[in-house]
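Chains as they are written, first to last, in the working numbering: chain B, 1 to 170; chain R, 171 to 558.
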Amino acid sequence: MEREGQARSQLKEEILKAIDKNSKLEAADLANMLGSSEEEVMTALAELEADSIICGYPTLINWDQTSCERVTALIEIKVTPQRGEGFDQIARRIYRFDEVESVYLMSGGFDLTVIIEGRTMREVAMFVSSKLAPMEAVLSTATHFVLKKYKEHGIPLVSEVKDERMLITP
Amino acid sequence: MRNPLNKKVTEIQPSGIRKFFDIVSEMKDAISLGVGEPDFETPWHIREEGIYSLEKGKTFYTSNAGLKELKEEICRYLKRRFNLSYNAKDEVLVTIGGSEAIDVALRAMLDEGDEVLIPQPSYVSYLPCVTLADGVPVIIELKAENDFKLTRQELLDSITDKTKILIMPFPNNPTGAIMSREELADLVDVIIEKDLFVISDEIYAELTYGGERHVSIAEFPGMKERTIVINGFSKSYAMTGWRLGYAAGPSVIMQQMLKIHQFAIMCAPTTSQYAAVEALKNGDADVEMMHDAYDQRRRYLVKALRDMGLECFEPKGAFYVFPCVKSLGMTSDEFANRLLQEEKVAVVPGTAFGDCGEGFLRISYAYSIENLKTALERMERFVKKYRK
């Protein structure tokens, strides 16, 4: 029984490693790659989703290459932690905004890193000044705009990948 | 005008790989599964160390046998991974890839007429190197029913009074066969009794699968003094273009190998040597990452080939599978050529690695899963077409 559990958690770990950089892998292919069955992989995936270990399957898009206007800003925020709640409540109030892409609690000189996506710099600035800064717990904000993205989620956004190898070698 | 050419050289047959390469190169947008090198780039921290050495002006010759620091790291590595003990001072030689090490070892050990046992299918350069060193190549044809391992009987049957060297090409390119500790143990007393020397090409030593770690034949009692272990950085650290390998063996042989290396080569590239130090010091995680990726592809490929109805023994090493296509009534060459013409997928005919590779194909899995998937879909269509 315990052994079965171990094999199962090992399978899950291997699945996570395999799809971390490529969520398009199909269950049947994953099963073949990991020496498992399609049903086992499907079950493991369902469990990982139910346990909020897999939280979604987003696509990594380099918006700079499209005609869509998009700006990203990183905002350092200092806040007053709430009694009994610590930073969680204020973090929750912030991440519920659709404009907010990511929120991290930080060590060091400030408390929260908030990453905002907007169509224009003005839109982002408005969001910070009208939504974030006035919050009661927020003591200060510092907004930094992203000029260019080079790499996200471990993947370089400008593709350098080209098979330079000769077609046939011994 | 006199014939400007050496007879031995002109009589060497061009490799079957070369012929096939010329055909494939003509074919636009072919998907190749014919490559014998990793698809990974050299891990960045290793490349960075090479670059740093250039910035610091490390652009001079190193000592002939290689950087002291690198030789010491090699010895530590061989001890750590394969339980082999060598002295960095006089038992290790850093070479231009494993290939030079094989050549130099043969030249240092062979006299005219000495026989060298070469198990095939195997890497293409053993045979010509033996010929160039005035040795006589004697082929041992490995069999699919033995999972392409070398058996005691096959070894015994091939030994004559003139046999001097046995080449041990495991983990094997092209079959993916490995030799376990027990299977090696079965050969060791024959080798010692018949007073043979072994050149053990262990370039794929890091790439074994299914929980079986590579065992070096040099580890057995009485074998270190008669074995030259060949290894390098190309496969395990994805460093093919750096051209860096090494040989480790008894100093009495290494001294003579060093002599040839010294006059022919001088020393291995300095930049590569500095990068290699970094690879051995901090590259274990990279090796593991690449190993695991190969293992996934291996499983994927074997399953897909078997699902197509092709007989395919489970390869436990390197990054090749070696399926049998005899059931389709085609020779290796026919299969490979037609697959290329009709489906634009390039695989290497087994015959490129010896006559006994007839009926087999070498398929490399040094490719992404997506790439393998597309190629396998095409191959499946092809196999179905000819199976009726």
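No residue lacks a Cβ here, since even glycine has one placed at the ideal position from N, Cα and C.
Would you mind working out which of the options sits nearest residue i, comparing C-alpha positions?
{"i": "Leu157/B", "options": "Asp29/B, Leu60/B, Ile115/B and Ala27/B", "result": "Leu60/B"}
{"i": "Ser107/B", "options": "Glu101/B, Val79/B, Ile94/B and Val100/B", "result": "Val79/B"}
{"i": "Ala174/B", "options": "Arg93/B, Gly109/B and Lys151/B", "result": "Nothing about residue 174/B can be read from this structure; chain B reaches only from 1 to 170."}
{"i": "Val286/R", "options": "Leu366/R, Lys319/R and Ser223/R", "result": "Leu366/R"}
{"i": "Gly204/B", "options": "Tyr470/R, Phe530/R and Ile539/R", "result": "This structure does not reach residue 204/B, given that chain B is present from 1 up to 170, and the question cannot be answered."}
{"i": "Glu4/B", "options": "Ala44/B, Asp51/B and Trp63/B", "result": "Ala44/B"}
{"i": "Thr330/R", "options": "Met349/R, Val308/R, Thr321/R and Asn342/R", "result": "Val308/R"}
{"i": "Ile53/B", "options": "Lys17/B, Met121/B and Leu74/B", "result": "Lys17/B"}
{"i": "Phe252/R", "options": "Glu550/R, His384/R and Asn176/R", "result": "His384/R"}
{"i": "Ile75/B", "options": "Met42/B, Lys131/B and Glu47/B", "result": "Lys131/B"}
{"i": "Asn316/R", "options": "Lys451/R, Asp477/R, Pro289/R and Phe523/R", "result": "Pro289/R"}
{"i": "Gly136/R", "options": "Gln425/R, Ser421/R and Ile398/R", "result": "What the structure shows of chain R is the stretch from 171 to 558, and residue 136/R is not part of that stretch, so it cannot be assessed."}
{"i": "Gly499/R", "options": "Cys245/R, Tyr556/R and Glu382/R", "result": "Tyr556/R"}
{"i": "Glu550/R", "options": "Asp477/R, Phe492/R and Tyr537/R", "result": "Asp477/R"}
{"i": "Gly56/B", "options": "Ala91/B, Arg70/B, Ser140/B and Ile19/B", "result": "Ile19/B"}
{"i": "Phe180/B", "options": "Thr143/B, Val100/B and Val124/B", "result": "As displayed, chain B neither begins before 1 nor continues past 170, which places residue 180/B out of reach and without an answer."}
{"i": "Gly419/R", "options": "Arg250/R, Ile182/R, Thr232/R and Ile244/R", "result": "Ile244/R"}
{"i": "Leu475/R", "options": "Glu512/R, Met460/R, Asp462/R and Val495/R", "result": "Val495/R"}
{"i": "Met460/R", "options": "Ser233/R, Ala536/R and Leu354/R", "result": "Ala536/R"}
Does the separation of the CB atoms of residue i and residue j fall below 9 Å?
{"i": "Ala446/R", "j": "Met409/R", "result": "yes"}
{"i": "Val515/R", "j": "Ala200/R", "result": "yes"}
{"i": "Ile369/R", "j": "Ala275/R", "result": "yes"}
{"i": "Arg467/R", "j": "Ser442/R", "result": "no"}
{"i": "Tyr490/R", "j": "Gly267/R", "result": "no"}
{"i": "Gly529/R", "j": "Ser502/R", "result": "yes"}
{"i": "Val518/R", "j": "Ser497/R", "result": "no"}
{"i": "Asp29/B", "j": "Ile187/R", "result": "no"}
{"i": "Ala73/B", "j": "Phe145/B", "result": "yes"}
{"i": "Pro298/R", "j": "Gly487/R", "result": "no"}
{"i": "Glu69/B", "j": "Thr120/B", "result": "yes"}
{"i": "Ile361/R", "j": "Tyr296/R", "result": "no"}
{"i": "Leu312/R", "j": "Thr440/R", "result": "no"}
{"i": "Ser421/R", "j": "Asn257/R", "result": "yes"}
{"i": "Leu240/R", "j": "Tyr407/R", "result": "no"}
{"i": "Asp273/R", "j": "Gly305/R", "result": "no"}
{"i": "Ala31/B", "j": "Ser37/B", "result": "yes"}
{"i": "Pro170/B", "j": "Ser350/R", "result": "no"}
For a contact meaning CB atoms closer than 7 Å, what does residue i contact in chain R?
{"i": "Gly154/B", "result": "Per Cβ cutoff of 7 Å: no residues; Gly154/B is ~12 Å from chain R at best."}
{"i": "Arg165/B", "result": "Val205 and Glu207"}
Using the Cα positions of residue i and residue j, report the straight-line distance between them to the nearest angstrom.
{"i": "Asp281/R", "j": "Thr229/R", "result": "37 Å"}
{"i": "Val457/R", "j": "Asn401/R", "result": "14 Å"}
{"i": "Val128/B", "j": "Gly227/R", "result": "50 Å"}
{"i": "Ile423/R", "j": "Val264/R", "result": "14 Å"}
{"i": "Glu372/R", "j": "Lys198/R", "result": "35 Å"}
{"i": "Pro344/R", "j": "Leu325/R", "result": "20 Å"}
{"i": "Asp525/R", "j": "Ala50/B", "result": "55 Å"}
{"i": "Ser202/R", "j": "Ile168/B", "result": "7 Å"}
{"i": "Ser292/R", "j": "Ser404/R", "result": "17 Å"}
{"i": "Ala449/R", "j": "Thr521/R", "result": "35 Å"}
{"i": "Leu320/R", "j": "Gln65/B", "result": "56 Å"}
{"i": "Gly204/R", "j": "Ser223/R", "result": "34 Å"}
{"i": "Thr378/R", "j": "Gly453/R", "result": "17 Å"}
{"i": "Asp88/B", "j": "Leu48/B", "result": "24 Å"}
{"i": "Leu254/R", "j": "Glu261/R", "result": "12 Å"}
{"i": "Gln425/R", "j": "Met279/R", "result": "11 Å"}
{"i": "Ile15/B", "j": "Glu39/B", "result": "13 Å"}
{"i": "Val71/B", "j": "Pro493/R", "result": "52 Å"}
{"i": "Tyr464/R", "j": "Gly380/R", "result": "12 Å"}
{"i": "Lys21/B", "j": "Glu152/B", "result": "11 Å"}
{"i": "Gln511/R", "j": "Glu225/R", "result": "48 Å"}
Mind pulling the chain R residues with CB within less than 9 Å of residue i?
{"i": "Asp29/B", "result": "Tyr470, Ile539 and Lys543"}
Can you pull the chain R residues whose beta carbon is under 8 Å from the beta carbon of residue i, in chain order?
{"i": "Ala18/B", "result": "Gln466"}
{"i": "Gly35/B", "result": "Arg469"}
Counting only Cβ pairs nearer than 7 Å, list the residues of chain B close to residue i.
{"i": "Gly346/R", "result": "Neighbours of Gly346/R on chain B: none; closest Cβ ~15 Å, over 7 Å."}
{"i": "Val495/R", "result": "None at all; the shortest Cβ gap to chain B is about 18 Å."}
{"i": "Ser202/R", "result": "Leu167 and Ile168"}
{"i": "Val518/R", "result": "Ile168"}
Give me the chain B residues within the contact set of residue i, using Cβ-Cβ distance strictly less than 8 Å, ordered along the chain.
{"i": "Lys473/R", "result": "Asn32"}
{"i": "Ser328/R", "result": "Result: empty, since nearest Cβ-Cβ is about 24 Å, beyond 8 Å."}
{"i": "Val491/R", "result": "The premise fails here: Val491/R is roughly 13 Å from chain B at the closest Cβ pair, so nothing lies under 8 Å."}
Considering only heavy atoms of the ligand SAM, does any lie closer than 8 Å to the CB of residue i?
{"i": "Phe318/R", "result": "Among the components modelled here there is no ligand, and therefore nothing to report on the ligand SAM."}
Residues of chain B with CB closer than 9 Å to the CB of residue i, please, in chain order.
{"i": "Ile187/R", "result": "Ile168, Thr169 and Pro170"}
{"i": "Phe191/R", "result": "Met166, Leu167, Ile168 and Thr169"}
{"i": "Tyr293/R", "result": "Pro170"}
Validate contact between the region 380 to 393 of chain R and the region 184 to 197 of chain R using beta carbons, cut 8 Å, 3 pairs: Put simply, the region 380 to 393 of chain R does not touch the region 184 to 197 of chain R. Fewer than three CB pairs are less than 8 Å apart.
At least 3 beta-carbon pairs within less than 8 Å: the region 210 to 227 of chain R vs the region 539 to 546 of chain R: Under the three-pair Cβ rule at 8 Å, the region 210 to 227 of chain R does not count as touching the region 539 to 546 of chain R.
Given 8 Å, three or more beta-carbon pairs between the region 481 to 488 of chain R and the region 429 to 448 of chain R: Touching, no.
Any 3 or more C-beta pairs closer than 8 Å across the region 172 to 182 of chain R and the region 499 to 509 of chain R: Touching, no, given that fewer than three Cβ pairs across the two stretches are closer than 8 Å.
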